[in-house]
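> Here it is, the structure, as structure tokens.
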Amino acid sequence: MEKVVSLCKRRGFIFQSSDIYGGLSNTWDYGPFGVELKNNLKSSWWKANVYAREDVFGIDAAILMHPKVWQASGHVKNFFDLKSDCKSCKKRFKSADLKDKDKCPECGGQLTESRPFNLMFETHQGPVEDAANLIYLRPETAQGMFVNFLNILDTKHPKLPFGLAQIGKAFRNEITPGNFTFRTREFEQMEIEYFVHPDEADKFFAYWVEERFNWYLKLGLKKENLRKRPHTKDELAHYAKSCTDIEYNFAFGTSTALSADGERSRTTGWSELEGIANRTNFDLEQHEKFSGKDFKYFNDTTKEKFYPYIIEPSGGVDRSVLAFLADAYFEEKVHPRTNLNKAADKQEIGAGVKDDTRVVLKLHQDLAPTKVAVLPLLKNRPQIVELAKRILGDLKKSFVTVYDDTAAIGKLYRRQDEVGTLYCVTVDVQSLEDKQVTIRDRDTMLQDRVGIDRLKEYLLEKLV
Ligand code: GAP
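Residue numbers for the sequence shown follow the working numbering, so the first one is 298 and each next one is one higher.
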């Protein structure tokens, strides 16, 4: 994981927030490659869960909501962690993480008794800072969908089962953030609230667990690094009847898992990417109680009126980005394939490259921040540069394409490998005559010679 973190900082995927002021701890900014990767991830999720379906509608609710929302949802009363403070060094700890409840793990000082600590960030709306104006930064995007349930019924007239999908920021004043972007106080969620008949809740719960698990696999996470973990009864959130986490085997972290004999054991590495919960009718009943509006669904065929149950797949954008980065990171020895192509071998382990190991991010093509790089073999030959720039302009219309001429070709390849660029198009002296370019594949490092007039078509075939 240290290598991935170092790559993220070195190549502009993720930076420490407010770095020039010493940084705001556990807060991160996504740089040029990071934002592309994150946007690609979100758009893959949106395509799979909204565009590819007929029964899920997208929404984008405000972060600031009426304070009654959080009373109705139970967050004001129940959304807390137990914490203890050290009387000597004043550090604060999550009680669940403490082995010795009395002794500070940092300085050995005495700890206070554990007390509840609400995780919601508070602020005030308007210029007057009093209790009447207290509002919260949302700790989950979910409530924005529940409070719009009636608007959707009125405008889209959907039949059950149907869902709402949303991607957006959430905020939690975590006591122990850490592990890079894994646990932060500001993060992004991708959530679906899927409304079903109560009799079908178990069926759709199982369906969404599979659906969401397979989404991670389809986008390239290795099967051996992914697992499903059903929650034990005492782990369930106050609103949930059942919940299964999709966990990734990060090279850090702890997770509670049931061992064969039913005892809980700590296993390192496995940590939550997404939780799929059966929230029952809790949220709709609560919003009816607090708002006075009728949240029941009327089935005009059976004439039945009832509160739908809600199945909620709730994933973290930042955690997923981190998992996809970790999973795609490879260090490989580059072996000469002299029997294949001597010139190509020289570029891979000769021109501008000192060692024979390459770092490569083998990100799925839908996620790769850059699809194509155009590289002139000789930057001091104006005709080559001119042709390369012309190709760049053409390709940019169809693919995220970059240009680089700041090093020898071997080094340029390595740079593109490190950020996961799928194809490198090299323009050389020969290109001026035969109107062909070399295309190098990131994963195989094999090279193809392709006519410039067929280049776009060639890439489109590869990048479907
Ligand atoms: N609406 C249900 C809900 O919010 P959750 O398990 O608390 O459920 C869902 O959060 C997902 O949001 C988690 O699986 C995780 O990926 C992400 N998440 C939660 N807290 C986070 C944090 N402090 N930092 C980064 N991601 C977080």
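Quick reminder that beta carbons are idealized off the backbone N, C-alpha and C, glycines included.
Whose CA, out of Cys721, Cys386, Glu532, lies closest to the CA of Thr667?
In the sequence shown, residue 667 corresponds to position 370, counting from 1. Checked all of Cys721, Cys386, Glu532; the closest Cα to Thr667 is Cys721.
> Apply the 10 Å Cβ neighbour rule to Leu518 and answer buried if 16 or more other Cβ atoms are within range, or exposed otherwise.
The count along the sequence shown starts at 1 and reaches residue 518 at position 221. Buried: at least 16 other Cβ atoms inside 10 Å.
> What residues in its chain sit with their C-beta under 7 Å from that of Asp394, if we drop five residues either side in the sequence?
In the sequence shown, counting from the first residue as 1, residue 394 sits at position 97. Only Thr473 meet the Cβ criterion.
> Could you tell me the distance, in whole angstroms, from the CA atom of Phe592 to the CA atom of Leu321?
Your numbering for residue 592 matches position 295 in the sequence shown. Your numbering for residue 321 matches position 24 in the sequence shown. Roughly 42 Å separates the two Cα atoms.
> Is it the case that the stretch 490-506 contacts the stretch 448-467, given that we only count it when at least three CB pairs across the two stretches are under 8 Å?
Enough Cβ pairs lie closer than 8 Å, so yes.
> I believe Leu570 touches Arg526 by the beta-carbon criterion, under 8 Å. Please report the beta-carbon distance rounded to the nearest angstrom.
Residue mapping note: residue 570 aligns to position 273 of the sequence shown, counting from 1. Residue mapping note: residue 526 aligns to position 229 of the sequence shown, counting from 1. Contact flag wrong, Cβ pair sits at about 11 Å.
> Just to confirm, does Ser611 get its C-beta within under 7 Å of one of the non-hydrogen atoms of the ligand GAP?
Along the sequence shown, read from residue 1 onward, the residue named residue 611 stands at position 314. Yes, Cβ of Ser611 sits closer than 7 Å to a heavy atom of the ligand GAP.
> When every heavy atom of the ligand GAP is checked, does at least one fall within less than 7 Å of the C-beta of Asp326?
As a first step, residue 326 must be located in the sequence shown, where it is residue number 29. Every heavy atom of the ligand GAP is 7 Å or more from the Cβ of Asp326, so no.
> Which of the three DSSP states is assigned to His528 in this structure?
Position 231 of the sequence shown, counted from the start, is the residue given in the question as residue 528. Coil, per DSSP.
> Given Thr409, which residues of its chain have a CB within under 7 Å of its CB, disregarding the five upstream and five downstream residues?
Counting from 1 along the sequence shown, the entry for residue 409 is found at position 112. Once the five neighbours on either side are set aside, the close Cβ partners of Thr409 are Ser381, Asp382, Lys384.
> If we ignore side chains and look at the alpha-carbon of each, how far apart do Leu523 and Val657 end up?
For the purposes of this step, residue 523 is taken as the residue at position 226 of the sequence shown. For the purposes of this step, residue 657 is taken as the residue at position 360 of the sequence shown. Cα to Cα, Leu523 sits roughly 21 Å from Val657.
> Between which two residues does the alpha helix (DSSP H) holding Tyr710 run?
The sequence position of residue 710 within the sequence shown is 413, counting from 1. Unbroken alpha helix (DSSP H) run through Tyr710: 706-715.
> Using DSSP with H/G/I as helix, E/B as strand and the rest coil, what is Leu743?
Walking along the sequence shown from the start, residue 743 turns up at place 446. Coil, per DSSP.
> Mapping the DSSP letters down to three states, classify Pro495 as helix, strand or coil.
To locate residue 495, count along the sequence shown from 1; it is residue 198. Residue state, collapsed to three classes: helix.
> Going by the CB atoms, is the gap between Asp378 and Leu338 shorter than 8 Å?
Your numbering for residue 338 matches position 41 in the sequence shown. Your numbering for residue 378 matches position 81 in the sequence shown. No. Outside cutoff.
> For Glu485 versus Val614, is the C-beta spacing smaller than 8 Å?
Counting from one through the sequence shown, the residue named residue 485 turns up at place 188. Counting from one through the sequence shown, the residue named residue 614 turns up at place 317. The answer is yes: Cβ separation under 8 Å.
> So does the stretch 362-369 actually touch the stretch 580-594, counting three or more Cβ pairs closer than 8 Å?
Taking 8 Å as the limit for Cβ pairs, the verdict is that the stretch 580-594 does touch the stretch 362-369.
> Can you check the stretch 416-502 for any alpha helix (DSSP H) of at least 4 residues that lies completely inside it and give the ranges in chain order?
With a minimum length of 4 residues, the continuous alpha helix (DSSP H) runs that stay inside the stretch 416-502 are 439-443, 446-453.
> Should Phe484 be listed as close to the ligand GAP, given that the test is whether its C-beta is under 7 Å from any heavy atom?
Within the sequence shown, the letter at position 187 stands for residue 484. Within the cutoff, so yes.
> For Glu629, is the beta carbon positioned less than 7 Å from some heavy atom of the ligand GAP?
Stepping through the sequence shown from its first residue, residue 629 is reached at position 332. Not so, every heavy atom of the ligand GAP lies at least 7 Å from the Cβ.
> Return yes when the C-beta of Ala439 is under 7 Å from any heavy atom of the ligand GAP, and no when it is not.
One-based indexing of the sequence shown puts residue 439 at position 142. Yes.
> Per DSSP, Asn575 forms a beta bridge with which residues?
Counting from one through the sequence shown, the residue named residue 575 turns up at place 278. Per DSSP, Ser539, Ile608.
> Apply the 10 Å Cβ neighbour rule to Pro762 and answer buried if 16 or more other Cβ atoms are within range, or exposed otherwise.
Since the first residue of the chain shown is 298 and the last is 761, residue 762 is not available in this structure.
> Determine the closest residue to Tyr755 out of Leu684, Gln733, Ala705, Asp740, with distance taken between C-alpha atoms.
The sequence position of residue 755 within the sequence shown is 458, counting from 1. When each option's Cα is compared against that of Tyr755, the closest is Gln733.
> Would you identify the three-state DSSP class for Gly406, choosing helix, strand or coil?
If you number the sequence shown from 1, residue 406 lands on position 109. If DSSP states are grouped into helix, strand and coil, Gly406 belongs with coil.
> For the candidate residues Gly612, Asp624, Ile573, Gly589, whose alpha-carbon lies nearest to that of Asn546?
As a working mapping, residue 546 is identified with position 249 in the sequence shown. Looking at the Cα atoms, Asp624 is the closest of the given residues.
> Do Thr718 and Leu672 have their beta-carbon atoms positioned less than 8 Å apart in this structure?
For this step, residue 672 is matched to residue 375 along the sequence shown. For this step, residue 718 is matched to residue 421 along the sequence shown. No, the pair does not count as a contact, with Cβ atoms beyond the cut-off.
> Among Ala641, Asn511, Thr324, which one has its Cα closest to the Cα of Gln744?
Position 447 of the sequence shown, counted from the start, is the residue given in the question as residue 744. Cα-wise, what sits closest to Gln744 is Ala641.
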